[in-house]
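Scroll down for the structure; my scribbles are underneath it.
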Amino acid sequence: MTDAPTDPIAGAEGGQRRFPPSEAFRRNAIAGPELAEAADRDRLAFWAEQARALRWERPFTQVLDWTDAPHASWFADGRLNVAVNCVDRHVVAGNGDRVALHWEGEPGDTRTITYAELLGEVSRAANLLADLGVRAGDRVAVYLPMIPEAVIAMLAIARIGAVHSVVFGGFSAESLRARIDDAGAVLVITADGGWRKGAVAPLKPVVDAALELPGERTVRNVLVVRRGGNDVDWAEERDLWWHEEIAAMDTTHDARAFDAEHPLFILYTSGTTGRPKGILHTSGGYLTQAAFTHRTVFDLHPERDVYWCTADVGWITGHSYVVYGPLANGATQVLYEGTPDSPDPGRWWSIIERYGVTILYTAPTAIRSFMRAGRAIPDAHDLTSLRLLGSVGEPINPEAWLWYREVIGGGRTPVVDTWWQTETGAIMVSPIPGITDAKPGAAQTPIPGIAIAVLDESGRPAPAGGDGLLVVTEPWPSMARTIWNDPERFRETYWSAFPGRYFAGDGARLDEDGDLWLLGRVDDVMNVSGHRLSTAEIESALVAHPAVAEAAVVGATDETTGQAVVAFVILRAAADLADADASPVLRAHVADRIGAIARPARVHVVAELPKTRSGKIMRRLLRDLAEGREVGDTTTLADTGVMRTIESGMRAG
Ligand code: WTA
1 MTDAPTDPIA GAEGGQRRFP PSEAFRRNAI AGPELAEAAD RDRLAFWAEQ ARALRWERPF
61 TQVLDWTDAP HASWFADGRL NVAVNCVDRH VVAGNGDRVA LHWEGEPGDT RTITYAELLG
121 EVSRAANLLA DLGVRAGDRV AVYLPMIPEA VIAMLAIARI GAVHSVVFGG FSAESLRARI
181 DDAGAVLVIT ADGGWRKGAV APLKPVVDAA LELPGERTVR NVLVVRRGGN DVDWAEERDL
241 WWHEEIAAMD TTHDARAFDA EHPLFILYTS GTTGRPKGIL HTSGGYLTQA AFTHRTVFDL
301 HPERDVYWCT ADVGWITGHS YVVYGPLANG ATQVLYEGTP DSPDPGRWWS IIERYGVTIL
361 YTAPTAIRSF MRAGRAIPDA HDLTSLRLLG SVGEPINPEA WLWYREVIGG GRTPVVDTWW
421 QTETGAIMVS PIPGITDAKP GAAQTPIPGI AIAVLDESGR PAPAGGDGLL VVTEPWPSMA
481 RTIWNDPERF RETYWSAFPG RYFAGDGARL DEDGDLWLLG RVDDVMNVSG HRLSTAEIES
541 ALVAHPAVAE AAVVGATDET TGQAVVAFVI LRAAADLADA DASPVLRAHV ADRIGAIARP
601 ARVHVVAELP KTRSGKIMRR LLRDLAEGRE VGDTTTLADT GVMRTIESGM RAG
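Just so you know, we're using the UniProt record's numbering here: the sequence shown kicks off at 1 and counts up by one.
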């Protein structure tokens with residue numbers, strides 16, 4: 001970093017400062033150095049011990065079977081029920097009166113749900129699903145806002161051994177339909193709408209539109225939670241109100257156990273091609289690592305902590321650290337429906353103050369936007385209940401890390417920067433708060449039981465301090481088992497670059513202390529506000545517009561969102577679209593096709609795109625332009641004059 005720091009907190013030391021845990025934190029921390037020692041001694045025995053913290057209806061005798069690599073089996077002869085582990089177990093242990101969810105809607109309405117009440121709700125929903133003919137192994141799509149029913153639905157689906165595919169509520173009808181068809185979902189659980197930025201964002205109409213598109217006809221019913229109160233159309237044979245159906249159901253449900261490798265969920269994520277990948281996770285190993293990491297990385301004391309992860313259940317962070325990890329651990333948590341700035345920019349801090357939140361887990365993009373808005377907003381609230389802060393989704397720059405600790409954490413709290421992915425299922429790299437001396441900006445250390453390496457392209461360890469590729473060298477319990485409907489793509493994407501080892505798609509560096517720094521994606525995946533987007537997926541949406549002949553998309557560095565989507569398009573000669581109108585029209589078109597999260601920040605109309613002699617678009621050069629940098633090496637271009645043409649066109653436009 002050569003620029004003078006703009007924030008006084010950053011100081012001259014930037015990322016070089018160290019923050020050891022306080023003596024008091026260390027003394028009360030649930031994890032000590034013995035954890036890593038045990039894992040180093042015998043990795044598989046260590047994971048078996050973590051798995052035994054769950055309730056198994058039939059204990060496992062096998063730990064890992066890797067003979068069918070890269071398709072792993074963990075704890076394969078054991079049987080358990082994931083929902084029983086997340087709910088019933090705590091009631092049986094006498095903690096039924098503990099609050100599971102402090103839910104707050106965006107308009108300010110609230111619901112408090114204890115573990116005993118959650119058991120009743122999940123049981124009713126499980127009975128309803130069974131009544132609707134949903135069987136073990138069937139897929140159910142969930143398209144809901146952040147309301148308790150989202151958690152209840154996921155647990156009810158898991159309870160009967162069905163497989164959920166949660167689709168983030170910001171995705172378009174077309175994206176939703178592609179996911180429904182790929183998974184062959186028999187049921188969609190949605191809401192009329194949910195509150196966002198002071199208004200109701202409709203969801204049921206999107207489901208209706210999705211199901212009207214041509215394609216498979218696997219969906220038998222649409223179950224609709226009433227939340228927004230907005231008007232909705234009704235297909236008599238197909239649509240059912242959740243509240244009407246659930247009222248008739250019994251609040252007890254006898255759960256059966258399933259194999260540890262029984263599928264739990266599919267979650268679609270963006271890859272390097274246009275088609276999203278359905279990442280498949282299974283039961284025993286996934287829950288083991290989600291629960292273990294949630295306990296140790298967040299130093300969870302379930303009897304007194306109030307935990308809040310701000311992620312939506314539509315993303316993996318919401319699966320592992322809103323639903324499965326915290327509930328498996330019997331945590332009390334906050335669930336909030338809306339946006340951080342509704343009705344005012346202090347909403348999050350007011351939630352923390354009112355519920356006495358002790359552990360906060362959020363994304364750097366949110367932290368940076370709070371930084372920009374200024375510390376006066378959080379300073380107006382009492383945040384002294386906080387004792388631990390977490391970060392996830394993208395690299396956190398040292399300035400944001402220091403601000404987070406100082407302004408939100410009052411200069412006292414450990415900050416854990418957690419690296420992981422949809423595919424890894426749970427946290428893989430993170431400081432352990434009672435042990436690690438934290439280093440701002442670095443994710444630092446693999447968690448106990450995880451083996452990481454930074455390699456160069458030939459598979460040799462990158463030199464200390466040098467950039468390389470992040471690789472996981474040993475299988476882990478919560479690893480993705482495959483890509484739904486496409487095992488070959490699973491092997492090819494993750495296991496072919498370094499045979500036998502998992503290639504994450506991230507660049508990384510080990511510093512002289514052996515601490516790990518993440519450097520961002522090395523493939524055509526962008527990271528916008530902590531959300532994964534594929535350049536290819538947005539390009540194919542753009543070229544689907546009749547006015548567009550060619551398109552190239554890059555992720556340009558953005559101060560708040562990490563990266564921003566910037567598109568370069570060539571319009572068709574006969575296009576019925578003036579250059580000046582192209583940007584708003586095409587931005588709206590992408591939002592419509594994929595969802596608002598994919599809407600480009602900028603669309604530049606150009607006459608040509610930079611291509612190599614073999615016709616490959618050189619996105620690196622477009623990124624230089626988008627970031628306002630001097631354009632790099634152009635010698636491999638088929639036509640070296642093309643960059644000048646594009647640049648002068650951009651200036652004119
Ligand atoms: C990025 C989100 C740096 C990374 C849990 C990864 C991070 C992708 C971090 C996965 C972090 C996530 N530091 N980069 N702490 N956490 N990433 O599947 O590029 O939505 O490959 O999972 O986010 O995104 P996904």
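Glycine residues also receive a C-beta, built at the ideal position from the N, C-alpha and C atoms.
These numbers were taken from a predicted model, which means no experiment stands behind them.
If you follow the beta strand (DSSP E) that residue i is in, where does it begin and where does it stop?
i: GLN16; result: Taken as a continuous stretch (DSSP letters only), GLN16 belongs to no beta strand (DSSP E), as it is neither H nor E.
i: LYS277; result: 277–282
i: HIS164; result: 163–166
i: THR535; result: Taken as a continuous stretch (DSSP letters only), THR535 belongs to no beta strand (DSSP E), being part of the alpha helix (DSSP H) at 535–543.
i: LEU625; result: Segment 619–626 is the alpha helix (DSSP H) holding LEU625; no beta strand (DSSP E) there.
i: GLU399; result: Note, GLU399: premise wrong, no beta strand (DSSP E); alpha helix (DSSP H) at 398–403.
Determine the burial state of residue i: buried for a count of at least 16 other Cβ atoms within 10 Å of its Cβ, exposed for fewer.
i: SER320; result: buried
i: ASN485; result: exposed
i: HIS253; result: buried
i: SER529; result: buried
i: ASN127; result: buried
i: TRP234; result: exposed
i: ARG620; result: exposed
i: ARG501; result: buried
i: THR6; result: In this prediction, THR6 has a pLDDT of 38, which is less than 50 and means its spatial position is unreliable; nothing more can be read from the coordinates.
i: ASP382; result: exposed
Roughly how far, in whole angstroms, is the beta-carbon of residue i from the beta-carbon of residue j, given that I think they are within contact range, below 8 Å?
i: ARG79; j: HIS90; result: In fact, because the Cβ distance is near 20 Å, the residues do not count as touching under 8 Å.
i: LEU155; j: VAL87; result: 6 Å
i: GLY278; j: ILE594; result: Actually they do not touch by this definition, with Cβ atoms about 16 Å apart.
i: residue 655; j: VAL140; result: There is no way to answer for residue 655, as the model of the chain reaches only from 1 to 653.
i: PRO433; j: ALA83; result: The pair is not a contact, with the Cβ atoms about 29 Å apart (cut-off 8 Å).
i: VAL522; j: ASP511; result: Contact flag wrong, Cβ pair sits at about 19 Å.
i: ALA162; j: VAL134; result: 5 Å
Hey, is residue i close to the ligand WTA, as in C-beta under 8 Å from one of its heavy atoms?
i: GLN421; result: yes
i: VAL392; result: yes
i: ASN397; result: no
i: LEU518; result: yes
i: VAL313; result: no
i: ILE316; result: yes
i: HIS531; result: yes
i: ARG521; result: yes
i: ASP505; result: Before going on, a small fix: residue 505 reads as Gly here, not Asp. Correct: GLY505 has its Cβ closer than 8 Å to the ligand WTA.
i: ASP417; result: yes
i: THR272; result: no
i: THR269; result: yes
i: VAL525; result: yes
i: ALA443; result: yes
Which residues in the same chain as residue i place their Cβ atom closer than 6 Å to its Cβ, once the five residues preceding and following it in sequence are excluded?
i: ALA638; result: LYS611, ARG613
i: GLU149; result: VAL225
i: ILE359; result: PHE298, ASP305, TYR307, LEU388
i: GLY11; result: Here the model assigns GLY11 a pLDDT of 42, short of 50, so the residue's position is not dependable and the matter cannot be decided.
i: PHE19; result: ALA438
i: PRO395; result: LEU518
i: VAL642; result: GLU608, PRO610
i: GLU302; result: According to the sequence displayed, residue 302 carries Pro and not Glu. ASN329, GLY330, ALA331, listed in sequence order.
Which residues in the same chain as residue i place their Cβ atom closer than 7 Å to its Cβ, once the five residues preceding and following it in sequence are excluded?
i: THR269; result: PRO276, LYS277, ILE279, THR422, ARG532
i: PHE292; result: GLN50
i: ALA400; result: PRO364, ILE367, ARG368, MET371
i: ARG375; result: VAL407
i: ALA130; result: ILE160
i: ALA373; result: PRO345
i: VAL585; result: LEU577
Considering residue i, what are the terminal residues of the alpha helix (DSSP H) in which it resides?
i: GLU488; result: 487–495
i: ILE452; result: Unbroken run through ILE452 is the beta strand (DSSP E), 452–455; no alpha helix (DSSP H).
i: VAL206; result: 204–212
i: GLY50; result: Contrary to the premise, residue 50 reads as Gln rather than Gly in this sequence. Run containing GLN50: 43–51, per the alpha helix (DSSP H) assignment.
i: ASN28; result: 23–28
i: ASP581; result: 579–593
i: ARG347; result: 347–355
i: ILE246; result: 242–247
i: GLY193; result: Segment 193–196 is the beta strand (DSSP E) holding GLY193; no alpha helix (DSSP H) there.
i: PHE370; result: 364–373
Once you ignore the five residues that flank residue i on each side, which residues in its own chain have a CB closer than 8 Å to its CB?
i: PRO8; result: Low confidence applies to PRO8: its pLDDT is 36, below 50, so where it sits in the model is not reliable, and the reading given next is rough at best. Contacts found: none.
i: ARG509; result: VAL454, ALA462, GLY465, GLY466, ASP467, GLY468, LEU516, TRP517, LEU519
i: SER172; result: VAL206, ALA591, ASP592, ARG593, ILE594, GLY595
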